[in-house]
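Notes to accompany the following structure.
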Amino acid sequence: MLNVTKSFLPPIEEYMAQIKRSFDNAWLTNRGELVEELEEKLASYLDIPYLTLTANGTLPLQIALKALNLTGEIITTPFSYIATTNVILWQNLSPVFVDIEPKYFTIDPEKIEAAITEKTSAILATHVFGNPCDVKAIEKIAAKYNLKVIYDGAHAFGVKYKGKSLFEWGDVSTCSFHATKLMHTGEGGMFYSPAYELQKKLFFHHNFGHNGQYHFEEAGINAKMSELHAAMGLAVFPYLEQIISHRKAVVENYRNLLQDSSLQFLKIRPGTEWNYHYFPVIFESEKNLLQAVEKLNNHQIFPRRYYYPSLNTLPFVSYQKMEVSEDFAKRILCLPLSAEIRFETIQSIMDIIFA
10 MLNVTKSFLP PIEEYMAQIK RSFDNAWLTN RGELVEELEE KLASYLDIPY LTLTANGTLP
70 LQIALKALNL TGEIITTPFS YIATTNVILW QNLSPVFVDI EPKYFTIDPE KIEAAITEKT
130 SAILATHVFG NPCDVKAIEK IAAKYNLKVI YDGAHAFGVK YKGKSLFEWG DVSTCSFHAT
190 KLMHTGEGGM FYSPAYELQK KLFFHHNFGH NGQYHFEEAG INAKMSELHA AMGLAVFPYL
250 EQIISHRKAV VENYRNLLQD SSLQFLKIRP GTEWNYHYFP VIFESEKNLL QAVEKLNNHQ
310 IFPRRYYYPS LNTLPFVSYQ KMEVSEDFAK RILCLPLSAE IRFETIQSIM DIIFA
């Protein structure tokens, strides 16, 4: 069976060596040695001064919305994983959707201003498949209307834009280290704010409000990463270059094989050093997509309709028509991509789709 992606598993003896450190310390959670070491390694790799690891990739978004004291309406994208909309609703805020750019699949800044009202307090945008939003345009809009900016960078690990980490843009950036991500801790995530005082506030929020053992800065929740999850991250970390290099070669192979097809590719925003996180293609019609999926499934190959459905069509939100997102959501398919997939397997996928 071949799924849309496969978790990279480091040699088990290397993972167990990290686990042994946790056992030797008799320290399984509450920000131990392994979590702090992984934070340092990842911050250095990402070229940012610090970051905070969390139990998953959704909690950082919830914490950011809370810590920024947001109210009313949050402008967001309909073309993302459901977590982006869920966290807005979970905080009793109202998502206001803005359609996406057809080339880059990210929120369209030219349409953001028209969606701003006196109730708007922030923009929550997604770097889709690691492809950057138009961060400069969004920054200008946010400054003009005094809005906060949060970026869902679940797929954006290691991406650089204009020579610096993509996480340097916005008030808060988040990332996921779920098992399906190219850098993973089994389950996990992170948050980062370029503003150190805000980073401290986010930190307190993720650890019950603790500032020392007995002093509580403010109300908080439990979003800490455990030592056992950090152990997986430390075991995966040495293989990052190998993982990304192979994924890059796979994507280039896909593109070469599909260059004469009618499928539309994701266009990477100029100035981006991309991470090859997923390989999405747009079919000419939903009918063609469903036919391809059926053929692949018959061979135990399971791509993913990612992102589907368009979030503005969810039954528990107020419907707002998003022409591009709704159209793309029906026709987009992510083809299998991992650090282990073989080139001959890619050729077989092509043969099956176009048979």
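For the sequence shown, the numbering used here begins at 10 and goes up steadily by one. Backbone N, C-alpha and C fix where the C-beta goes; we use that ideal spot for every residue, glycine too.
Would you identify the three-state DSSP class for residue i, choosing helix, strand or coil?
i: K157; result: strand
i: M331; result: coil
i: N140; result: coil
i: P318; result: coil
i: L102; result: coil
i: I147; result: helix
i: L133; result: strand
i: N231; result: strand
i: L246; result: The amino acid occupying residue 246 in the given sequence is Phe; Leu does not appear at that position. Residue state, collapsed to three classes: helix.
i: L18; result: coil
i: N220; result: coil
Which stretch, first to last residue, makes up the alpha helix (DSSP H) that contains residue i?
i: T94; result: A92 to W99
i: L47; result: E42 to L55
i: E122; result: I121 to A124
i: T354; result: F352 to I362
i: A73; result: L68 to A76
i: E295; result: E295 to N307
i: E206; result: Y205 to H215
Short of 8 Å in beta carbon distance, which residues of its chain neighbour residue i, apart from the five on each side in sequence? Order them along the chain.
i: H193; result: S16, F17, F186, H187, M241, G242 and V245
i: E46; result: A239 and L243
i: E349; result: K15, F17 and H255
i: W283; result: G139, N140, V168 and I277
i: L74; result: I83, V96, I97, Q100, L102, A131, L133 and I159
If you drop the 5 nearest sequence neighbours on each side, which residues of the same chain put their C-beta closer than 6 Å to that of residue i?
i: A92; result: T67
Please list, in chain order, all residues of the same chain as residue i whose beta carbon is under 7 Å from its beta carbon, the five residues on each side excluded.
i: H286; result: F138, G139, H164 and L191
i: L43; result: Q27, R30, S31, E236, A239, A240 and L243
i: H308; result: I361
Which partner residues does residue i have in the DSSP bridge list?
i: L267; result: The partner list for L267 (beta bridge, DSSP) is empty, contrary to what the question assumes.
i: V290; result: F274 and L342
i: V181; result: I159
i: S174; result: K169
i: N39; result: Beta-bridge pairing links N39 to no other residue.
i: R313; result: C343
My assumption, with CB atoms under 8 Å, is that residue i sits in contact with residue j. Please give the rounded CB distance.
i: T189; j: P69; result: Wrong, their Cβ atoms sit about 17 Å apart, outside the cutoff.
i: F213; j: G229; result: 6 Å
i: F311; j: N12; result: 5 Å
i: D117; j: T135; result: Actually they do not touch by this definition, with Cβ atoms about 13 Å apart.
Looking at the secondary structure, which residues open and close the beta strand (DSSP E) in which residue i lies?
i: F201; result: Per the sequence presented here, residue 201 reads as Tyr, with Phe not at that position. G198 to Y201 is the extent of the beta strand (DSSP E) around Y201.
i: I116; result: Counting along the chain, I116 falls outside any beta strand (DSSP E), and DSSP gives it neither H nor E.
i: T9; result: What is shown of the chain runs 10 to 364, which leaves residue 9 out entirely.
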